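Undergrad:
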Amino acid sequence: MITVKYLLRKWARLNFTGWHRRINARACSANLGLYKLANLLREESETVDLHIRLVSQHLLTKIRRKKYVTIHGRLHQAWDDYEEEKLTTTELLRIISHINALGPSTAVHHMLDDDES
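When we follow our numbering, the leftmost residue of the sequence shown carries the number 1, and every step to the right adds one.
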């Protein structure tokens, strides 16, 4: 089962990786000397307060690709339908598998259909 703690760790790890990528891109190199790295970190620290304020005011958000916004919207809609009891657990899982492009598996569908009888 996926927990909130797991999701937060995953988000933090991905966010940290993105931060490294941004620093390396600004430095035009992944192998930085101590003085160049210290200068970049100082410059980065000067903008942290501004970023915190902009994010808290919802003026700065993460850039997301249209494809993933659509996928996440469909996943949230399916989950909302499930919580409103418009979908069974089996229907929810089928919808999610289609959204994630896992596609239907006829063997699994027959097994699931037998369980519902």
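A virtual CB, placed ideally from N, CA and C, is assigned to each residue, including glycine. In this text the structure is predicted, and so the values were computed from the model without any measurement.
In angstroms with no decimal places, state the Cα-to-Cα distance between residue 117 and residue 89.
TA: Per-residue confidence for residue 117 stands at a pLDDT of 47, beneath the threshold of 50, marking its modelled position as unreliable; no derived number is given.
Undergrad: Counting only runs that start and end within the region 18-50, where is the beta strand (DSSP E) found for 3 or more residues in a row?
TA: Segments of the beta strand (DSSP E) lying fully in the region 18-50: there are none.
Undergrad: To which residues of the same chain is residue 20 closer than 6 Å at the C-beta, ignoring the five residues directly before and after it?
TA: So the list is empty, once near-sequence residues are dropped.
Undergrad: With contact counted as at least three CB pairs below 8 Å, one residue from each stretch, are the region 68-81 and the region 48-59 in contact?
TA: No, they do not touch.
Undergrad: Going by beta carbon distance, what residues of the same chain come within less than 7 Å of residue 74, once the five residues before and after it are set aside?
TA: Closer than 7 Å at the Cβ level, and outside the excluded window around residue 74, lie 99.
Undergrad: Excluding sequence positions up to five away, which residues of its chain have a Cβ less than 6 Å from the Cβ of residue 36?
TA: Result list for residue 36: empty, nothing under 6 Å.
Undergrad: Taking buried to mean at least 16 other C-beta atoms within 10 Å of its own C-beta, is residue 94 buried or exposed?
TA: By the 10 Å Cβ count, residue 94 comes out buried.
Undergrad: With the cut-off set at 8 Å, would you say residue 30 and residue 24 are in Cβ contact?
TA: Yes, the Cβ-Cβ distance between residue 30 and residue 24 is below 8 Å.
Undergrad: Around the C-beta of residue 101, are 16 or more other C-beta atoms found within 10 angstroms, so that it is buried, or is it exposed?
TA: Looking at its Cβ environment, which holds fewer than 16 other Cβ atoms inside 10 Å, residue 101 is exposed.
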